[in-house]
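Per our numbering, the sequence shown starts with residue 328, numbered consecutively.
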Amino acid sequence: MTSQIPLILLIILISMGEQGTQGITTTNDEKCHPNDLKALKDFKSEIIQDDSGRLKKWIGNGCCSWEGITCSNITRRVIQLNLPGFYTKSGLPFQASMKGHLSNSITLLTSLQVINLSELYDLSGQIPQFIGNLSRLRKIFLFSNKLNGSIPESISKLSNLQVLDLHDNEISGSVPDSLTSLRFLNRLFLQNNRLSGHIPENIGNIAVLEELDISNNFIDGVVPLSINRLSSLRVLYLDTNHLDGEIPFPLGHYDLPSLRFLRLNDNCLKGKLPMNFWKLTSLERVSLANNQLEGDVFSGLGNLQRLTELYLSGNRFSGKIPITIGQLLELQVLSISRNMIQEPLPNEMGFLKNLQILDLSFNHLNLSIIPRWVVELPSIFKIYLAGCGINGRFPESLQSLLGQVQELDLSSNHLIGNLPEWIGGFSQLYLFNLSLNSLESKIPISISNLENLGVLDLHSNRLSGPVNWVFEMKTRFDDGSLTYIDLSDNKFSGNIQQIGIGKQLGIQYINLSRNNLNGKIAESVGKLQGLKSLDLSFNQLSSTLPESLANITLLERLNLEKNYLTGRIPYEFLNLRKLKELNLSCNFLVGEIPYGKPLVDFPKSCYFGNRGLCGKPLSPCSS
């Protein structure tokens, strides 16, 4: 008996060795399954450009050793096709692209569990209609490509599917009702496509769904009641669609207990919030902005102890902010502009020590002054108090925020007097909007110290003096930080010889209309090649039209109405191919309008009041 033991052990070891070979990764010399090989070769043949170089290494028949391919150690069948556009190459992050079509032959990979062809950007075509044949698929990542067509109904056959991510494509059609049969689906991302129709009525059947994003499409209809059944749902983004009706959740106290992130903004939702809305105590970020919602919105606000961001702007909400808002110690963003919120504001808002962004603009508030608690908030860096009834001189209390505030909007108030010299101390200021007030006198020279300034809006005041300072401002970057300048409807005077001479090459919008500016339009304006809108109308400019304007090939809007401009319209203006709005009326221009697009496409009113002009669209020139 003892003599047989080594033999038995030998048999066992041999048996184990044979089983162990099933776990060895295949080599280049080992052929993979014929169907898998055909599928992958067809996939490669449909790609006409691959700047990652991965596909050119797909040589021979041993596909299991190819980059991006994973095979089962047991069956030798392909189980993963993993060729994302963004990946690590030689230890560094690398962004690749593949130009071509998604081959229908991938449906031959019948053992496939994961497909990741995301962020290839130039990958086009449609999702194969028979993708449902891949019955073992668990995860589909096809986002950030140029896929079009519809979502195939056959996807509903993928009973093991856990993740379907198709966001940022050009997919159209409806969201198939049959998706609601996928009982293991926990992440569904369809945002940023061209989907239409309704949200499936039985979406609540996907019991394990944790994240649902259908934002930025053309979805209409109502939000389904069945959403209340999604007890695992953490993320619900339905914003930027055409949804209407009322918000149907939560119906009961225990509905949607896991919901943390909610976006319903930019739809057509109506009515009041459900009574139980503020019982969604897991909520951290909420956006209901830009709908038609109404009623007293704050009744249970204090319950949301985890809330960090609240966006309610652009609705018809009313009532007063309760003192319980002071309990939201995690709140970082409070945006409730353009509603009918009433005063007074509770001093308990001063307890919001983590508040970074405050927008109370255009409500039924008459603050008179900026509340003391606003300037004492230690984390605040964006303040929007437009149309809040603030009067008097520019608030001295803002001096305590000089090195802190990045955006300040006090427009549409009743500010008077001069701007103080100390405004040059706003070292971090990017947006500065004081438009539609009654400020007067010259701009303090210290404003040129605002080297981070990107948006400057002082229109509709009584400000005076020269404007060249705006083109001579100190900047952190060589191309400047200013992108938007509106000094219109003031009393500024002098010339604009400095326009385009400084380092403000990043400017996209300039409006100096309705002032008392005179002199020439400098040739240097042509250096502002990023400019999209230029409005110098209703001034006293008396030069010819500089040919260099034609160098601003991105220009979409040009308004020089009601000046004293002379001479001909330069032939080079035909290079302004992107011009959508043009107004040269009420000047002293002469000669034939250069024939060609876009100049001939504008109506007569764009050239009206120039007695010397002729040619299409005006009367023909006399021979």
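Here a beta-carbon is modelled for each residue, glycine too, at the ideal position from N, C-alpha and C.
Once the 5 residues before and after Glu497 are set aside, which same chain residues still bring their CB inside 8 Å of it? Lys473, Leu474, Asn475, Asn520 and Arg521
Report buried or exposed for Met676, applying the criterion of at least 16 other Cβ atoms within 10 angstroms of its Cβ. Met676 should be labelled buried.
Residue from Asp492, Asn431, Asp547 and Leu712 with nearest C-alpha to Lys365: Asn431
Any idea if Phe804 is buried or exposed, counting beta-carbon neighbours within 10 angstroms, 16 or more meaning buried? Its pLDDT being 43, under 50, Phe804 is placed unreliably by the model, and the measurement read from it follows with that caveat. So Phe804 counts as exposed.
Just reading off the alpha helix (DSSP H) that Ser372 is part of, what are its end residues? Pro361 to Ser372
What residue does the beta strand (DSSP E) around Val987 start on, and which one ends it? Residue coverage of the chain in this structure runs from 328 to 950, which leaves residue 987 outside it and unanswerable.
Residues in the same chain with beta-carbon distance under 8 Å from His569, minus the five sequence neighbours each way, listed in chain order, please. Phe545, Ile546, Asp547, Asn594 and Cys595
What did DSSP end up calling Asp686 once you bin it into helix, strand or coil? strand
Is the beta carbon of Leu682 within less than 6 Å of some heavy atom of the ligand NAP? You won't find the ligand NAP in this model; it holds no ligand whatsoever.
Under the DSSP definition of a beta bridge, which residues are partnered with Glu497? According to DSSP, Glu497 bridges with nothing at all.
Could you check what DSSP says for Asn594 in three-state terms: helix, strand or coil? coil
Nearest neighbour of Lys680, chosen from Thr608, Glu657 and Leu692 [CA to CA]: Glu657
Extent of the continuous beta strand (DSSP E) run through Gly452: Leu450 to Gln453
I'd like the span of the beta strand (DSSP E) that includes His525, first residue to last. From DSSP, His525 is part of no beta strand (DSSP E); its letter is neither H nor E.
Exposure of Ile826, with buried meaning 16 or more beta-carbon neighbours within 10 Å: buried
Does the distance from the CB of Lys847 to the CB of Ser870 come in under 7 Å? yes
Assess, as a yes-or-no matter, whether the segment 453-463 is touched by the segment 499-506 under the definition of 3 or more beta carbon pairs within less than 8 Å. no
Burial state of Glu446 (16 or more Cβ within 10 Å): So Glu446 ends up on the buried side.
Can we say the segment 528-536 touches the segment 475-486, given the rule of at least three CB pairs closer than 8 Å? no
Could I get the ranges of all uninterrupted beta strand (DSSP E) runs contained in the segment 772-821, with 3 residues as the minimum, in chain order? 782-784, 789-792, 811-813 and 818-821
Return helix, strand or coil for Ser932, following the three-state DSSP convention. helix
If you scan the segment 718-754 from start to end, which runs of the beta strand (DSSP E) of 3 or more residues do you find wholly inside it? 734-736 and 741-744
Where Ile823 and Leu766 are concerned, what is the direct C-alpha to C-alpha distance, given to the nearest angstrom? 22 Å
Quick one: Cα of Arg720 to Cα of Phe929, how far? 45 Å
Going by DSSP in three states, Glu357 sits in which element: helix, strand or coil? coil
Among Ser451, Pro527, Ser508 and Gly629, the one whose alpha carbon lies nearest that of Leu493: Ser451
Considering only DSSP beta bridges, list what Glu908 is partnered with. The partner list for Glu908 (beta bridge, DSSP) reads Arg884.
Taking the beta strand (DSSP E) that Met425 falls in, what are its first and last residues? Met425 to His428
On a Cα-Cα basis, can you pick out the residue from Phe421, Thr415 and Asp449 that is closest to Leu429? Asp449
Local conformation of Lys889 per DSSP, three classes: coil
Give the range of the beta strand (DSSP E) segment to which Arg665 is assigned. Element bounds for Arg665: n/a, residue is neither H nor E.
Between the alpha carbons of Ile478 and Gly524, how many angstroms are there, rounded? 13 Å
Could you tell me how far apart the beta carbons of Glu373 and Gly427 are, in whole angstroms, since I believe they sit closer than 8 Å? 5 Å
Beta strand (DSSP E) containing Thr397: first to last residue? Ile396 to Cys398
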